[in-house]
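**Q** Numbering (this note's numbering), first residue to last: 658 to 801. All C-beta atoms in this analysis are idealised placements derived from N, C-alpha and C, irrespective of residue type, glycine included. What you are looking at is a predicted structure, and each value in this text was computed from that prediction instead of being measured. Handing you this structure, nothing more for now.
Following this line, the structure appears as structure tokens:
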């Protein structure tokens, strides 16, 4: 099918995002600015306060856990897009694409707001490609 290039491109963008995020997570402690080093030290030594008292985990461990959770969710999105590549019933592909479009759009908005432009634009382009793919699968496939 001609439209699979959008899915392949989206998978490529998500792999790019996953690699970039993983490298960023693994190298995040390689700091040079004294202010950043002090902040990291505070994160590594401060326990997270929960409603029931102090957690056994530091702010840095929570941050690392959230980072790993994002890596896992990117892997799941790659898996869903791979299923869309091989899934023949167009109705189920359409439904899966809606979930991935919501995820990529949400991550794009959050990245623009709280992180930085590279993941934001990566997810934005992916979201646009998948929205076009969803439209074609959902509405154009009935015309043919």
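Indicate the three-state DSSP secondary structure (helix, strand or coil) for residue 709 in the structure shown.
**A** coil
**Q** Considering residue 684, what are the terminal residues of the alpha helix (DSSP H) in which it resides?
**A** Premise fails: residue 684 is in no alpha helix (DSSP H) and is neither H nor E.
**Q** So, for residue 777: in the same chain, excluding its five sequence neighbours on each side, which residues have a beta-carbon less than 7 Å away from its beta-carbon?
**A** The beta carbon of residue 777 sits closer than 7 Å to those of 765, 768 and 769, all from its chain and outside the five residues before and after it, given in chain order.
**Q** Bridge partners for residue 610 per DSSP, in chain order?
**A** Here the chain covers residues 658 to 801 and nothing more, so residue 610 does not appear.
**Q** By the three-class DSSP mapping on this structure, what secondary structure does residue 757 have?
**A** helix
**Q** So, are the CB atoms of residue 781 and residue 667 less than 8 Å apart?
**A** no
**Q** Would you report the Cα separation of residue 701 and residue 750, rounded to the nearest angstrom?
**A** 43 Å
**Q** How long is the line joining the alpha carbons of residue 717 and residue 698, rounded to whole angstroms?
**A** 9 Å
**Q** Which value, in whole angstroms, describes the spacing of the CA atoms of residue 756 and residue 673?
**A** 20 Å
**Q** Rounded to the nearest angstrom, what separates residue 661 and residue 732 at their Cα positions?
**A** Computed Cα separation, rounded: 19 Å.
**Q** Quick one: what does DSSP say residue 746 is sitting in, helix, strand or coil?
**A** coil
**Q** Would the beta-carbon of residue 741 fall within 8 Å of that of residue 761?
**A** no
**Q** Could you pull out every residue in the same chain whose Cβ sits closer than 6 Å to the Cβ of residue 675, ignoring the five residues on either side in sequence?
**A** 731
**Q** Out of curiosity, what's the CA-to-CA distance linking residue 758 and residue 752?
**A** 10 Å
**Q** Looking only at C-alpha atoms, which of 682, 665, 789 and 797 sits nearest to residue 723?
**A** Checked all of 682, 665, 789 and 797; the closest Cα to residue 723 is 682.
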